[in-house]
Structures are given as C-alpha cells and as structure tokens.
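To start, the structure itself, in structure tokens.
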Amino acid sequence: MGIFDGLLGHGSAVDPADLNKRLNGVLIEGEAPELAFRVIRDFFVFTQFRVILVDIQGMTGTKVDYMSIPYRAVTRFSVETAGTFDLDSELKIWVSGSSEPIARTLKKGADVRGIQRALATGVLR
Numbered sequence: 001m002g003i004f005d006g007l008l009g010h011g012s013a014v015d016p017a018d019l020n021k022r023l024n025g026v027l028i029e030g031e032a033p034e035l036a037f038r039v040i041r042d043f044f045v046f047t048q049f050r051v052i053l054v055d056i057q058g059m060t061g062t063k064v065d066y067m068s069i070p071y072r073a074v075t076r077f078s079v080e081t082a083g084t085f086d087l088d089s090e091l092k093i094w095v096s097g098s099s100e101p102i103a104r105t106l107k108k109g110a111d112v113r114g115i116q117r118a119l120a121t122g123v124l125r
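If you're matching positions, the sequence shown starts at 1 in the UniProt record's numbering and goes up one per residue.
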C-alpha cells in the first residue's frame with residue numbers, strides 16, 4: 001500500500017512533490033514514508049522507524065522544524081477529539097526521559113483516528 005493510497009478520512013491530500021521536497025535529506029537509507037497527514041501547512045509523517053512532525057513556520061514557509069520521534073522512545077500517547085464547543089483536537093506524545101508531552105493542536109477536519117491508528121501501529125510493533 002503506497003503512502004497516498006493510505007491517506008485516511010479527513011486528512012488533506014499530501015502532494016507527493018512537496019512531501020519529497022520537505023523530506024529530502026531527512027530520511028535515512030531504506031526508510032520510506034508509510035503514511036502522511038497534512039494539517040493546515042504541517043505534516044505528520046509515519047515511517048517504519050519513526051514519526052516525523054514537520055512544522056512549517058513563518059509567512060513564506062522557508063523555516064521548517066522537523067521533530068523526529070523514534071517509536072521505541074514513545075512511552076504513551078493521547079489523542080483528544082474535538083467536542084461541541086471546542087473545535088480543536090489535541091495530540092500528546094510522551095517520550096522516555098521527558099515528563100512533559102509533545103503536544104500538537106489539530107484543527108477541525110484532521111483525521112484524528114487515522115493519526116491514532118498510525119501511532120498505535122508504530123508503537124505496538
């Protein structure tokens with residue numbers, strides 16, 4: 001199953017050219033994206049080894065923060081869905097050696113269940 005066949009639910013389509021451009025020099029030999037979700041301008045990329053949170057910053061998008069989290073370092077994670085009055089969802093990932101989680105806000109329409117499934121698949125392997 002290719003990365004673009006695996007896009008789930010409400011996650012925006014990820015442009016293959018943009019994804020390849022953003023991950024150029026980030027992936028190691030033999031590593032490939034298995035699943036990717038776009039949330040506004042940011043990406044959640046799931047490979048066979050890790051999850052990469054790509055945070056595109058600034059007006060022009062030239063400043064980019066790549067947070068790489070190996071699945072073996074994830075001690076737990078939480079995905080909170082949006083409610084009636086709270087339109088945003090929240091993703092929290094706890095990494096070994098840190099008491100505070102890595103938190104990301106997911107805007108309305110993000111495929112929260114798909115992200116949760118992808119994280120569970122990587123962590124529980």
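For each residue, glycine too, the CB sits at the ideal point set by N, CA and C.
**OP:** Out of S68, K92, G58, F43, point me to the one whose CA is closest to D15's CA.
**Re:** Here residue 15 is taken as the residue at index 15 of the sequence shown, counted from 1. Minimum Cα distance to D15 is reached at F43.
Subject >> Presumed contact (8 Å Cβ cut-off) between A118 and L35, rounded CB distance >> reply: Sequence index remark: in the sequence shown, residue 118 carries index 118 (1-based). Sequence index remark: in the sequence shown, residue 35 carries index 35 (1-based). Confirmed, about 5 Å.
Subject >> Nearest residue (CA-CA) to R38, options V112, M59, R125 >> reply: Numbered from its first residue, the sequence shown carries residue 38 at position 38. Looking at the Cα atoms, V112 is the closest of the given residues.
**OP:** Give me the Cα-Cα distance between P70 and G83, rounded to the nearest whole angstrom.
**Re:** Mapped onto the sequence shown, residue 70 falls at position 70. Mapped onto the sequence shown, residue 83 falls at position 83. P70 and G83: Cα-Cα distance of roughly 30 Å.
**OP:** Measure from the alpha carbon of L106 to the alpha carbon of each residue in L27, R41, E29, P33, then state which is nearest.
**Re:** Your numbering for residue 106 matches position 106 in the sequence shown. Selected option, being the one with the closest Cα: R41.
Original post:
Are the Cβ atoms of L19 and P33 separated by less than 8 Å?
Top reply: On the sequence shown, position 19 is the one that residue 19 refers to. On the sequence shown, position 33 is the one that residue 33 refers to. Taking 8 Å as the Cβ cut-off, L19 and P33 qualify as a contacting pair.
Subject >> Reduced DSSP category for R38 - H, G, I as helix; E, B as strand; rest coil >> reply: Position 38 of the sequence shown, counting from 1, holds the residue named residue 38. Looking at R38 - three-state DSSP - the assignment turns out to be strand.
Original post:
Three-state secondary structure (DSSP) at L19?
Top reply: For the purposes of this step, residue 19 is taken as the residue at position 19 of the sequence shown. Assignment of L19 by DSSP, reduced to helix, strand and coil, places it in the helix class.
Original post:
For R50, which of helix, strand or coil comes out of DSSP?
Top reply: Translated into the one-based positions of the sequence shown, residue 50 becomes position 50. If DSSP states are grouped into helix, strand and coil, R50 belongs with the strands.
Original post:
For F77, which residues from the same chain have a beta carbon less than 6 Å from its beta carbon, with the 5 sequence-adjacent residues on both sides left out?
Top reply: Taking the first residue of the sequence shown as 1, we reach residue 77 at position 77. Cβ neighbours of F77 beyond the five flanking positions: I93, L119.
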